[in-house]
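See below for the structure under consideration.
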Amino acid sequence: MVQLPAGVARPNESLGAEFPLDDALRLLEAHLAEIDLVIGHNLLEFDRPLLHKAAERAGIDPPHLPSCVDSLHLATLFDAAMPNRSLADLTHQFNIDHQEPHRALADATATAGVVRAMLDAIDVEEPSWQLAIGVLEAFDHPLVSLLPGLTATPELSTSTRPPDPLLIPSGSPAADAFSAARDAFAVLQARHQLLPREAQQQMARAVADVFDHGGRFAVEAPTGTGKSLAYLLPALGRASRPAQPVVIATVTKALQSQLRDEATRLYTDGLLGAPFRQIQGVGNYVCTRELEDALSDRESSPLALAVALRAIAASPTGTWDDVTDDVIRRRDTRYARTRARLRTNAGGCERTKCVWAQVCPLTQQLNGLDKTPGVVSVNHALIANWVKTDHAPGDVLAESRADLVVDEAVTVADGQVWGHQANLRPGATDARRMDSTTTLPRDHGVIDREGHFGPDASRCSYCGGRICPVCLRGMVSCDCCATPICQRCVNKPKEELWLCPACATLRRATRREARQHGRFLLTRGMLIGTDPVHTVVVEHTKHRWMRQAEDGAQSVIASPAVEGFLNERLADGDD
Numbered sequence: 001m002v003q004l005p006a007g008v009a010r011p012n013e014s015l016g017a018e019f020p021l022d023d024a025l026r027l028l029e030a031h032l033a034e035i036d037l038v039i040g041h042n043l044l045e046f047d048r049p050l051l052h053k054a055a056e057r058a059g060i061d062p063p064h065l066p067s068c069v070d071s072l073h074l075a076t077l078f079d080a081a082m083p084n085r086s087l088a089d090l091t092h093q094f095n096i097d098h099q100e101p102h103r104a105l106a107d108a109t110a111t112a113g114v115v116r117a118m119l120d121a122i123d124v125e126e127p128s129w130q131l132a133i134g135v136l137e138a139f140d141h142p143l144v145s146l147l148p149g150l151t152a153t154p155e156l157s158t159s160t161r162p163p164d165p166l167l168i169p170s171g172s173p174a175a176d177a178f179s180a181a182r183d184a185f186a187v188l189q190a191r192h193q194l195l196p197r198e199a200q201q202q203m204a205r206a207v208a209d210v211f212d213h214g215g216r217f218a219v220e221a222p223t224g225t226g227k228s229l230a231y232l233l234p235a236l237g238r239a240s241r242p243a244q245p246v247v248i249a250t251v252t253k254a255l256q257s258q259l260r261d262e263a264t265r266l267y268t269d270g271l272l273g274a275p276f277r278q279i280q281g282v283g284n285y286v287c288t289r290e291l292e293d294a295l296s297d298r299e300s301s302p303l304a305l306a307v308a309l310r311a312i313a314a315s316p317t318g319t320w321d322d323v324t325d326d327v328i329r330r331r332d333t334r335y336a337r338t339r340a341r342l343r344t345n346a347g348g349c350e351r352t353k354c355v356w357a358q359v360c361p362l363t364q365q366l367n368g369l370d371k372t373p374g375v376v377s378v379n380h381a382l383i384a385n386w387v388k389t390d391h392a393p394g395d396v397l398a399e400s401r402a403d404l405v406v407d408e409a410v411t412v413a414d415g416q417v418w419g420h421q422a423n424l425r426p427g428a429t430d431a432r433r434m435d436s437t438t439t440l441p442r443d444h445g446v447i448d449r450e451g452h453f454g455p456d457a458s459r460c461s462y463c464g465g466r467i468c469p470v471c472l473r474g475m476v477s478c479d480c481c482a483t484p485i486c487q488r489c490v491n492k493p494k495e496e497l498w499l500c501p502a503c504a505t506l507r508r509a510t511r512r513e514a515r516q517h518g519r520f521l522l523t524r525g526m527l528i529g530t531d532p533v534h535t536v537v538v539e540h541t542k543h544r545w546m547r548q549a550e551d552g553a554q555s556v557i558a559s560p561a562v563e564g565f566l567n568e569r570l571a572d573g574d575d
């Protein structure tokens, strides 16, 4: 029992005599002297720093620990899309007994059980596991000592991505949208003992009527109605006809994921009567071509590379949104920087001409779109881009071809439906809401993410949130590239330094990237950063930093704070 600081209550007084912290740390060090590797749950960000802080407060030397790895990292490799990775979630998933949570011995025993279960479940014959292990081995990552050994060096060309099961219907084509919805509701209610929701079925009948007979239909339904299934079931019936696309545009990618979950359940029940395609913008996907470039860069994070390899092969959609690694990338700058690099943009994507098209998750969704489109799930921004450029994959927006469902196009901010109610004084008749900026009543308007009402506000290009002039966390400009970004999305690596994600993750350019931006010989001074919005290229030349615009023009970076940050990034690349 270790001595606690004065004033700290001991949770259990029956543990025995107190043990001085110095003696406890030295004893721990002695017990670990012959140990090659220590693994723990959240060990790298909690337990190890806690030991160092305790030693620092006591004025003693911290313990010398062997190589340490985190079961969080192993769990991310095991399933990149796992929703939660707390110890409680992992013990539940692997059926590991954990009777006394938050007790040291019980937690350690449960962690050991979870780690063994994950290691036993690894299929070393699966190409993505071989590649992930090979990357960790090449970068001498300590986690590799836990993983199965390889008998040969894996090649990236062996990478595979299994077909998306939702592209193959599990049900029969329907005569019309109405009968598809009616029959599917009957099966779902009987099979899962569900009670019918009259509002949901009423909405489904109205949507099916428009699909079957043409026209336009607008519906407002409160939370709990079951809107997604109410339009998805008739949409699948309509899309089961040959070469008949139904495009569903949602306001957020989260709603796309919700639709995919509904489609997955229908597929399992044998009710998916048409292909279901979830398509996002190019910059959302894990890019194998960029991954190939990063493999030879010693600055890359081996964990990020290994997670990307596993995500391409095993995540539901192959997008970075699938990868639930927020905890890791918030704490590990190198990981976050590499992760940001492993994507491309619309201008850089080679589509079907890419040598990696056979494992590209986006190409997988686009193949066959012209002949068997089915239900195509997109978000508003993507369909707006298709309309703007007059080009949609598979020509799904050709005149009189597709049926369109737009989910939550108005009066929605950050997924929350807005309603206005006013209490009027006797004799008053004006119930209009006041503009938050001008304080004058408005006939119509929108509500931003902080609850302010006014004309259609500007949106952050990164999160899509509406922001008005009176928002407390409004729009700012990146100090390096001047791109507009909201204060929720901006990175602050230093006080008074605001950077967009691309500038915050600037790194040394590869030779191929340098050639793309006009440098064929000297590349050491060039940094490049990429995010879903744009690519930033800066170069140190003639004792000053220059930023390269998309048209090739260069401008001087005059901010001392930005110059200092860029010098540090360049120096990091020399390590």
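FYI, the UniProt record's numbering numbers position 546 of the sequence shown as 546, with every residue one higher than the one before it.
The beta carbon of each residue, even a glycine, is placed where N, CA and C say it ideally should be.
All values reported here derive from a predicted model rather than from experimental measurement.
For L233, the closest of V246, P222, R329, P242 by C-alpha to C-alpha distance is V246. Rounded to the nearest whole angstrom, the CA to CA distance from L77 to S179 is 44 Å.
Between G283 and R339, the CB-CB gap reaches or exceeds 8 Å. Put simply, of A514, R511, V490, R277 the residue whose alpha carbon is nearest the alpha carbon of T505 is V490. By the neighbour-count criterion, in which a residue is buried when 16 or more other Cβ atoms sit within 10 angstroms of its Cβ, E34 is exposed. Bounds of the alpha helix (DSSP H) holding D89 are 87-93.
Under the DSSP assignment, C68 falls in the beta strand (DSSP E) whose first and last residues are 67-70. Pairwise C-beta distances place the segment 381-396 out of contact with the segment 255-264, as fewer than three of them are shorter than 8 Å. Taking 8 Å as the cut-off, the Cβ atoms of G368 and A239 do not count as close. An exposed status is given to H92, since fewer than 16 other beta-carbon atoms sit within 10 Å of its beta-carbon. Annotation for C503: the continuous alpha helix (DSSP H) segment containing it runs 501-504.
The beta-carbon distance between V115 and L65, rounded to whole angstroms, is 18 Å. This is too long to meet the 8 Å contact definition. Inclusion of L166 and T252 in the CB contact set at 8 Å is not warranted, their separation being larger than that value. In terms of Cβ geometry, T437 and G454 form a close pair [threshold 8 Å].
In this structure, L37 sits near S145, with a CB-CB distance shorter than 8 Å. Closest option to Q280, judged by alpha-carbon separation, among A230, T352, V378, K542: V378. Spatial neighbours of L566 in its own chain (CB-CB distance under 8 Å, excluding positions within 5 residues in sequence) are listed in chain order as C480, L506, L527, V538, H540, W545, I557. Judged by DSSP in its simplified three-state form, I312 adopts helix.
Per the Cβ contact rule, the segment 320-329 is not in contact with the segment 158-178 (fewer than 3 Cβ pairs under 8 Å). Per DSSP, reduced to three states, the secondary structure at P361 is helical. V387 carries a helical assignment under DSSP once its states are collapsed to helix, strand and coil. Using a 10 angstroms sphere on the CB of A110, the tally of other CB atoms reaches 16 or more, which defines it as buried. The beta carbon of H452 sits closer than 8 Å to the beta carbons of S436, T437, C468, V470, C471 from its chain, once the five residues preceding and following it are set aside; these are given in chain order.
In the displayed model, W320 falls within coil according to three-state DSSP, outside both helix and strand.
The DSSP-derived three-state label of A230 is helix.
Ranking L143, P62, D61, N42 by CA distance to the CA of V307 puts L143 first. The DSSP-derived three-state label of K494 is strand. Distance from V376 to V396 at the Cβ level is roughly 6 Å; contact confirmed, criterion being Cβ atoms closer than 8 Å.
By the Cβ-count criterion, T372 is buried, with 16 or more other Cβ atoms from all chains shown falling within 10 Å of its own Cβ. The beta carbon of R473 is closer than 6 Å to those of Q487, R488 in its chain, skipping five residues each way along the sequence.
Residues I133 of the same chain have their beta carbon placed closer than 6 Å to that of L147, with the five preceding and five following residues left out of the count. In the DSSP assignment, I39 falls within the unbroken beta strand (DSSP E) covering 37-40. If you ignore the 5 residues before and after D325, its C-beta comes within less than 6 Å of the C-beta of T76, all in its own chain and listed in chain order. Boundaries of the beta strand (DSSP E) around S555: 554-556.
In the DSSP annotation of this structure, the continuous segment of the beta strand (DSSP E) that includes D403 starts and ends at 403-407. For the set A181, A199, L309, the Cα lying nearest the Cα of P154 is the one of L309.
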